[in-house]
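Taking it in order: structure first as structure tokens, then the write-up.
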Ligand SMILES: Nc1ncnc2c1ncn2[C@@H]1O[C@H](COP(=O)(O)OP(=O)(O)OP(=O)(O)O)[C@@H](O)[C@H]1O
Ligand SMILES: C[C@@](O)(CCO)CC(=O)[O-]
Ligand SMILES: [Mg+2]
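Numbering (full-length UniProt numbering), first residue to last: 1 to 333.
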């Protein structure tokens, strides 16, 4: 009789995930209250590398993450160190989520082409990328849906309340309609023709958590403003029809209306308002803030890329991105 051989593969030493960011065409903030939103996953990737290690460590180019230490007490994971508060909060919850799936000591290295906080779902991309890379390192094959779900839990805990929009876009890719049907969230992949987009980046002055709280406060103070939330949902569905039938002029017009409503919710800064008007004057079919606001990204719809880019730069955009295609969601190597 032959020996029973135990066959085990060589453990993986390191893994890498490329997690895309997103641009919100319609419906941010209202989506937190279950209304429909339209989000595009864009091929601007946060790269997360994980490596087996004896202890936890985290490096990220643009942020100072010195002298971090990981504290695990009765399954509660905390990080202490010198990094900016919110970065620590994200990673404490990311680590808690990794701890639940049995991952502890890991070296994490992040490189991002975007500023920390950009209105383009950098928080979701960092979270999705870290969970995807670390799970691969531990030879776990999580589905993209599971990665999206774990990452959404992290966003909810950091922001106080959060929709699954950004984490779904980063994990699943493509163009998504996100909406709630009763208690159930629906993530519907939609097929759209090419939409010519130009994005201007400005400094994001508040975190998404602060902006979501600001909107919640306004809605409590003035409950009739809930109608704005309803209207954003309605215009998102109208915009979906326009997108599917290729009526870009109508899409642009609805982007402008959506921007006005976000302004009335108190999330648009003077710098962003000026940028939106500048690109409209330069011939964009429509323009609005993308993401939580408080600075961040302005998305403009239009083929006249040179004029729109010049208008963004003239009003002080730190960067201009031209988007021609969508991403296919998180990739692990
Ligand atoms: N390069 C990075 N390294 C480490 N953490 C990052 C990096 N980029 C983003 N983050 C995390 O994301 C947080 C910023 O998230 P925030 O939600 O405010 O911006 P955003 O996701 O780009 O915008 P929005 O939510 O409006 O789309 C940071 O505080 C940090 O925790
Ligand atoms: C403002 C918001 O709608 C989008 C942030 O990108 C928050 C969320 O959906 O969790
Ligand atoms: Mg975010």
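We treat Cβ as the ideally placed atom computed from N, Cα and C, and that holds for glycine.
Residue 124: CB within 7 Å of a non-hydrogen atom of ligand 3: yes
Heavy atom of ligand 3 within 7 Å of residue 54 beta-carbon: no
Since residue 119 and residue 290 should fall inside the 8 Å C-beta cutoff, what is the C-beta to C-beta distance between them, to a whole number of angstroms? 5 Å
Answer yes or no: the CB of residue 87 versus the heavy atoms of ligand 1, is any distance below 7 Å? yes
Could you tell me which residues DSSP pairs with residue 204 in its beta bridges? 295
Residues near residue 1 in its chain [Cβ-Cβ closer than 7 Å; skip 5 each side]: The predicted model places residue 1 with a pLDDT of 46, which falls under 50 and marks its position as unreliable, so this point remains unresolved.
Looking at C-beta atoms only, is the number of pairs between the segment 136–153 and the segment 162–174 that lie closer than 8 Å three or more? yes
Compute every distance between the C-beta of residue 169 and the non-hydrogen atoms of ligand 2, then say whether any falls below 7 Å. no
Rounding to the nearest angstrom, what Cα-Cα distance links residue 31 and residue 178 in this structure? 8 Å
When the Cα of residue 51 is compared with those of 59, 203, 312, which residue comes out closest? 59
Out of 174, 322, 129, which has the shortest C-alpha to C-alpha gap to residue 191? 174
Nearest by alpha-carbon distance to residue 332: which of 39, 45, 287 is it? 45
Going straight from the alpha carbon of residue 274 to that of residue 13, what length do you get? 49 Å
First through last residue of the alpha helix (DSSP H) which encompasses residue 280: 270–281
Quick one: measure Cβ to Cβ for residue 26 and residue 239, integer angstroms, because I've assumed they're closer than 8 Å. 5 Å
Option nearest residue 286 by Cα separation, candidates 251, 11, 193, 86: 251
Inter-residue CB distance, residue 160 and residue 209 (contact presumed, cutoff 8 Å): 6 Å
What did DSSP end up calling residue 328 once you bin it into helix, strand or coil? coil
Ignoring anything shorter than 4 residues, give me the alpha helix (DSSP H) runs that lie fully in the UniProt domain "GHMP kinase N-terminal" (93–174), in order along the chain. 122–137, 144–159, 165–172
So is residue 226 in contact with chain B if we call contact Cβ pairs under 8 Å? Note that chain B does not occur in the displayed structure, where there is just one protein chain.
Helix, strand or coil, according to DSSP, for residue 1 in the structure here? Reliability of the predicted coordinates at residue 1 is poor, the pLDDT of 46 falling under 50, and the value obtained from them is presented with this limitation in mind. Here residue 1 sits in coil by DSSP.
State yes or no: is the C-beta of residue 301 nearer than 7 Å to some heavy atom of ligand 4? Absent from the structure shown: ligand 4. Ligands present: ligand 1, ligand 2 and ligand 3.
Does the distance from the C-beta atom of residue 272 to that of residue 298 stay below 8 Å? yes
Residue 41 by DSSP, collapsed to three states: which one? strand
When you compare only the Cα positions, how much space is there between residue 292 and residue 130? 22 Å
Taking residue 156 as the reference, give the member of 132, 268, 138, 213 with the closest Cα. 213
Is any heavy atom of ligand 2 found at a distance shorter than 7 Å from the C-beta of residue 121? yes
Please identify the residue among 137, 95, 143, 255 whose C-alpha is closest to the C-alpha of residue 127. 95
Can you tell me the Cα-Cα spacing of residue 125 and residue 258, whole angstroms? 25 Å
Bridge partner(s) assigned by DSSP for residue 181: 184
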